[in-house]
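For the sequence shown, this note's numbering gives the first residue as 1, with consecutive numbering after it.
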Amino acid sequence: MPAGDAAMIQVDRVSKSFPVYAKPHHRLMQMLLPASERRWYKEFHALSGIDFRVPRGQTVGIVGRNGSGKSTLLQIICGTLTPSAGDVRVQGRVAALLELGAGFAPDFTGRENVYLNATVLGLTRAEVDACFDDIAAFADIGEFIEQPVKTYSSGMYVRLAFAVAIHVKPDVLVIDEALAVGDEAFQRKCFARIEAIRAAGATVLFVSHSAGTVIDLCDRAILIDGGELIADGPPKQVVGLYQKLLYTPADRAREVREQIRAGTATLLAGEGSSKAAAAGTVAAVPAPGGSGPEPYLDEAMRPSSTLSYERRGARIENARLCTLAGQPVNVLAAGREYVYRYSVDFEGAAAGVRMGMMMRTLTGVEVCGAATATPENALAAVAAGERIEVEFKFRCMLAPGTYFLNAGVLGRLAEGETYLDRRIDVAMFRVMPDAHRLGTGLVDMDVTAHVRHS
Ligand SMILES: Nc1ncnc2c1ncn2[C@@H]1O[C@H](COP(=O)(O)OP(=O)(O)O)[C@@H](O)[C@H]1O
Ligand SMILES: [Mg+2]
1 MPAGDAAMIQ
11 VDRVSKSFPV
21 YAKPHHRLMQ
31 MLLPASERRW
41 YKEFHALSGI
51 DFRVPRGQTV
61 GIVGRNGSGK
71 STLLQIICGT
81 LTPSAGDVRV
91 QGRVAALLEL
101 GAGFAPDFTG
111 RENVYLNATV
121 LGLTRAEVDA
131 CFDDIAAFAD
141 IGEFIEQPVK
151 TYSSGMYVRL
161 AFAVAIHVKP
171 DVLVIDEALA
181 VGDEAFQRKC
191 FARIEAIRAA
201 GATVLFVSHS
211 AGTVIDLCDR
221 AILIDGGELI
231 ADGPPKQVVG
241 LYQKLLYTPA
251 DRAREVREQI
261 RAGTATLLAG
271 EGSSKAAAAG
281 TVAAVPAPGG
291 SGPEPYLDEA
301 MRPSSTLSYE
311 RRGARIENAR
321 LCTLAGQPVN
331 VLAAGREYVY
341 RYSVDFEGAA
351 AGVRMGMMMR
361 TLTGVEVCGA
371 ATATPENALA
381 AVAAGERIEV
391 EFKFRCMLAP
401 GTYFLNAGVL
411 GRLAEGETYL
421 DRRIDVAMFR
431 VMPDAHRLGT
441 GLVDMDVTAH
451 VRHS
């Protein structure tokens, strides 16, 4: 096959099912009695008939709701999972950043893991020697490089894994949402390197929750839902379909999925003219309903950059966002009210106690801070063993994007007002885009526009 035609990634009718056991002991029964009449599990179809090819040099974004099968697909492509049916072929050296936990040996040091990993990817020892310093510098985890990987924070882990992945000059780079873990400065550094890797002709497969990233970075996007590929086309259109699906109430999801699939059929029929194809996709999607998206809880979304300061007699616990009805959420609809809650356990007696919060963007811009009281109005005394529940109610007037929350308890000590406990990035949330909102910029100030046309 001429090199130009060869797909770097070829996925042919791939399906994957997992056995699901209703009760833990059923797994044991199945192991003990594999030949018995009864089957002790049900098949769960995580992927069904996935079919696509990625030509050399293309960057493809994979989007889909939680649990739709994205990670399973990437693991099959990287060979860490075998498909139940179908075939996958990948050409060249594949460097992968899969979900946390994959790839490193926990008891070995960072340095040892760099060697292990790079060698598995086909580098000789001399080649690793030559790029080790660059890898360490890129990861920028200091002395931790000599510590066992099990002592790493998830942020450090991703830094090192990414540093290895981009220094082995991969032909195919596969990334599963891993970048969401690093801090913003590191993310920027990573995106710059992905650009360089793309420019060098590599093929990139990329799972991301960030619509902006997929649109900015990818040549093409694929939408997976319920284990099926339901859209494949220009990133902007596919991301639009994904968001449409994301904000559809559960009872209408199936219907919308079928509409999207019908649109994709149009898109595939119109192959060759991507403009016509894109228009076909969009036409298949009805305008969003008037009520706007509903907030919900994305269990997988947790900050990994949480930083705890040294405690001085108080402990912040259970920081979370809720709707006014008390339902925990972290994906918010703009324009509505929410409550940011946490509790504080006092291990020692404290005086002059007040609590605070801060909301920051991914880049660290302080969007909004608040406190329960001024220093003069602080709680005079709290006894050891007491617990205080704090609530900050707010209306979410923020632009779509990801935000982080801090929590802090202040008390009066001999040296003055001091933090008794302080957590940076203790919780995070996302604000969903809403086609009905006209504001741009970070904060929606409820601007009313008037036009006089004379
Ligand atoms: N080892 C497994 N056993 C059983 N079910 C699994 C296993 N791995 C994944 N699943 C299920 O397969 C579905 C797809 O999972 P995943 O690929 O992780 O989705 P995504 O990455 O899109 O969130 C989910 O419903 C998940 O619970
Ligand atoms: Mg996943």
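A virtual CB, placed ideally from N, CA and C, is assigned to each residue, including glycine.
Give the secondary structure of residue i by DSSP, where H, G and I count as helix, E and B as strand, and everything else as coil.
i           : result
residue 372 : coil
residue 71  : helix
residue 126 : helix
residue 141 : coil
residue 317 : strand
residue 98  : coil
residue 8   : strand
residue 55  : strand
residue 338 : strand
residue 19  : strand
residue 323 : strand
residue 64  : coil
residue 418 : strand
residue 203 : strand
residue 156 : helix
residue 45  : strand
residue 242 : helix
residue 280 : Interpretation of residue 280 is limited by its pLDDT of 30, a score under 50 that renders its predicted location unreliable; the figure taken from the coordinates is listed afterwards. In the structure shown, residue 280 sits in a helix (DSSP, three-state: H, G or I).
residue 423 : strand
residue 133 : helix
residue 412 : strand
residue 177 : coil
residue 213 : helix
residue 428 : strand
residue 350 : strand
residue 14  : strand
residue 451 : coil
Apart from the five residues on each side of it in sequence, which residues of its chain come closer than 6 Å, Cβ to Cβ, to residue i?
i           : result
residue 206 : 61 and 175
residue 143 : none
residue 40  : 26, 29 and 30
residue 402 : 362 and 430
residue 10  : 53 and 89
residue 82  : none
residue 260 : 230, 231 and 241
What's the call for residue i, buried or exposed, on a 16-neighbour Cβ count within 10 Å?
i           : result
residue 395 : exposed
residue 440 : exposed
residue 422 : buried
residue 150 : exposed
residue 327 : exposed
residue 448 : exposed
residue 238 : buried
residue 216 : exposed
residue 445 : exposed
residue 42  : exposed
residue 454 : exposed
residue 170 : buried
residue 117 : buried
residue 213 : buried
residue 235 : buried
residue 225 : buried
residue 113 : buried
residue 365 : exposed
To which residues of the same chain is residue i closer than 8 Å at the C-beta, ignoring the five residues directly before and after it?
i           : result
residue 300 : 66
residue 303 : 404, 425, 426, 427 and 428
residue 307 : 423, 424 and 425
residue 152 : 110, 141, 144 and 160
residue 289 : In this predicted model, residue 289 has a pLDDT of only 38, less than 50, meaning its place in the structure is not dependable enough to derive any value.
With 8 Å set as the bound, which would you pick, yes or no: does the beta-carbon of residue i sit closer than that to a beta-carbon of chain D?
i          : result
residue 50 : No chain D appears in the structure shown, which is made up of a single protein chain.
Could you pull out every residue in the same chain whose Cβ sits closer than 7 Å to the Cβ of residue i, ignoring the five residues on either side in sequence?
i           : result
residue 342 : 316, 317, 318, 319, 390 and 407
residue 323 : 295, 329 and 338
residue 47  : 14, 15, 16, 69, 72, 73 and 227
residue 21  : 27, 40 and 41
residue 400 : 431, 432 and 433
residue 58  : 203, 219 and 220
residue 386 : 346
residue 333 : 292, 293, 294, 295, 432 and 434
residue 393 : 337 and 339
Segment contact flag, the region 164-177 with the region 124-144, C-beta cutoff 8 Å, min 3 pairs: yes
Three-pair Cβ contact test at 8 Å for the region 349-367 versus the region 376-392: yes
Segments of 3+ residues assigned as beta strand (DSSP E) that fall wholly inside the region 353-409: 366-371, 379-382 and 387-395
Touching by the beta-carbon criterion (3+ pairs, under 8 Å), the region 193-206 and the region 119-131: no
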